[in-house]
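Here the sequence shown stands for residues 19 to 456, numbered as in this note's numbering. Glycine included, every Cβ here is placed at the ideal spot set by N, Cα and C.
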Amino acid sequence: MGFSWNYAVFYASIIGISSGINYREGSIEEEVSSFKIMKEKIENGRWDIVESSKNSITVIPQFDFPYNKIIKDKIQAEYIDGKAVLSGPMYYLQKLRNDILGKKNFWISKKMEIFSLVFILLLISVPVLGEYGLFWKIKSIRHEAFAKKIEIVDVKDDGKPGNSIENINNYGFAAEDEQNVYYVNRHLNLIKMDKELKNKEYLIEKPSGTGISRLNVKDGWIFYLSGTSLYRMRTDGTQNELIYKSGYLLDVNMYGKWLYFINMSDKFNVYKIDVNGRGLERVVKEEVSDIAIYDDRLYFSYYSDEGFYMESMLLDGTDRRVEFEGQIYNLIIHDDYFYFQGDENQIYRARKGGNAETLLNQRPGLYIIIEDTIYYTLESDEERLRYSKLYRMNLDGSGKELIEEFGSIDGLSHIGNWLYFEDRDIRSDEENNRFLDI
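Written out as structure tokens, the structure reads:
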């Protein structure tokens, strides 16, 4: 089993809270007739004596697994002026006092021991069940039952994408079909316009809620992600339907009638699902960070114990091969070159089977390739982490040129003859949709 920060934080929280409440140091007193009687009560109870003197004994508990094995707390019991003076963690002092007073209830103790053991086993089982995918299996079974109720619609399985890889890499905030462009406004609204940017129509309009992203458009249907749910809707805004609700998805690529995605609920493995929410199937069993589909091949980047790799395979799972060794994000294949961002998020390119060359030594916020030009964003000189500067350069990294500085650029997309993005004024928090004629 690999290390998981989620499990580490979970168990650290449980142990920390439990220790803070139950195992704080303290002392209590209780009247007893003699040291001999006190000692006999303790010896006949659930304690092991580790030290003993004339009027004092030190004990450790036989119960409270696993704390009694890991922490090994000791409790001191002294006989002073007709009293048992007990000192140590408060959780043990209460139980030791009850044993000295003869208040121990066998059935209550036995039930608590059984309950504690069951509770501990459940806690221990959480990462084990997670590691073996039981939680995801439960989700997938529930999804299969849910998908049976979804209406069957016809989308051609013609091997055509629902959006460009360039747009998908930038969160899929825009897409297009033969007649119209579709784009996300303020992360909440979905808007439709014709290719001349006229006849604006809101398909989804809401003041708040979960954002919209990962647009794909195919055969009169729009597929989009909102929170942990995948929806489909007709391009006229009708028949908005939920088709998947089992966890966060990344890099949603539509190819034919299938939607491919990175499944965060199952260790970032790659899955596919059809347009009716059916046929949910794992395609790649690796911890994948990026996917792209070109010419019936799925390209996927992942990390293994040996290092970072990008592989590809046919969509039927055959002909799997290594394409590149190294860390790759936001892959674009253009003119027999791999363009990508690497471990430092800089922009690189490499020929298939060749070494990578650096095109941009800076860390862009976003980048996109349109024909023979790379467009990318950089931080402002004044506002760090605000990618306000829009640049362009040639495919070989030459001719770097600042186009314009905006407020804060989000979601570079290529639709129609336009470079689309949202421009947010970081002072007024107003957002404007920008369409640059390219």
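Close beta carbons around residue i, own chain, < 7 Å, minus the five adjacent residues each side
i	result
V173	K236, D237, W239, K275 and V293
D455	N435 and W436
I126	Because the pLDDT at I126 is just 47, under 50, the model does not fix this residue reliably, and the point stays unresolved.
T376	Q364 and Y366
H432	S182, E184, N185, I386 and I388
V302	N287, V288 and F318
Residue environment, residue i, which counts as buried when at least 16 other CB atoms sit within 10 Å
i	result
D9	The question about residue 9 has no answer, for the chain in this structure spans 19 to 456.
F424	buried
P107	buried
Y97	buried
G190	buried
P225	exposed
G180	buried
P84	exposed
N458	Lying before the first or after the last residue shown, residue 458 is absent from the chain, which here runs from 19 to 456.
E43	exposed
D176	exposed
Residues near residue i by beta carbon distance below 8 Å, same chain, minus five either side
i	result
K157	S264, G265 and S283
I170	N294
N73	F53, E96, Y97 and I98
Span of the beta strand (DSSP E), counted from its first residue to its last, around residue i
i	result
Y266	First-last for Y266: undefined, no H or E at that position.
I75	S74 to P79
L420	E419 to E423
N116	No beta strand (DSSP E) contains N116, which is instead part of the alpha helix (DSSP H) from M108 to I118.
M56	Where M56 is concerned, there is no enclosing beta strand (DSSP E), although the alpha helix (DSSP H) it sits in stretches over F53 to E61.
I251	Just to set this straight, residue 251 is Met in the shown sequence, not Ile. Looking at the DSSP string, the run of the beta strand (DSSP E) that includes M251 is S247 to R252.
Q94	I93 to I98
E47	E43 to E49
D314	Where D314 is concerned, there is no enclosing beta strand (DSSP E), given that its DSSP letter is neither H nor E.
I67	W65 to S70
N234	I230 to K236
K285	Per DSSP, K285 belongs to no beta strand (DSSP E) and is neither H nor E.
E324	Here E324 belongs to no beta strand (DSSP E), and DSSP marks it neither H nor E.
E299	E299 to V302
S244	W239 to S244
L430	I427 to I433
E305	Counting along the chain, E305 falls outside any beta strand (DSSP E), and DSSP gives it neither H nor E.
L437	W436 to R442
Contact set for residue i: own chain, Cβ-Cβ below 6 Å, skip 5 residues either direction
i	result
K210	N198, Y200, E219 and L221
G255	L221
F439	I427, G429, L430 and R452
Y278	N271 and K290
N281	N287 and Y289
E299	K290
I67	I75 and V77
M328	S319, E341, F342 and I346
Proximity to residue i [Cα-Cα], best of the options
i	options	result
L466	G417, I421 and D414	The chain is shown only over 19 to 456; residue 466 falls outside these bounds and no answer can be derived.
K178	F318, D212, R160 and E194	E194
E389	T395, G325, G371 and M411	M411
I55	L349, G120, L413 and I392	G120
D414	N450, R369 and E324	R369
D308	V288, D176, V301 and R300	V288
I460	K92, L349 and V340	Absent from the structure is residue 460, since the part of the chain shown begins at 19 and ends at 456.
T253	L233, E58, K155 and D269	L233
R339	Y347, G325, D323 and F318	F318
K92	E47, D313, L114 and T391	L114
For residue i, the first and last residue of its enclosing alpha helix (DSSP H)
i	result
F83	No alpha helix (DSSP H) holds F83; DSSP gives it neither H nor E.
query = At what residue ranges does the segment 171 to 225 contain a whole run of the beta strand (DSSP E), taking only runs of 3 or more?
reply = The qualifying runs are 192 to 194, 198 to 203, 207 to 212 and 219 to 222.
Segments of 3+ residues assigned as beta strand (DSSP E) that fall wholly inside the segment 341 to 406 = Correct list: 347 to 352, 355 to 359, 365 to 369, 374 to 378, 385 to 388 and 391 to 397.
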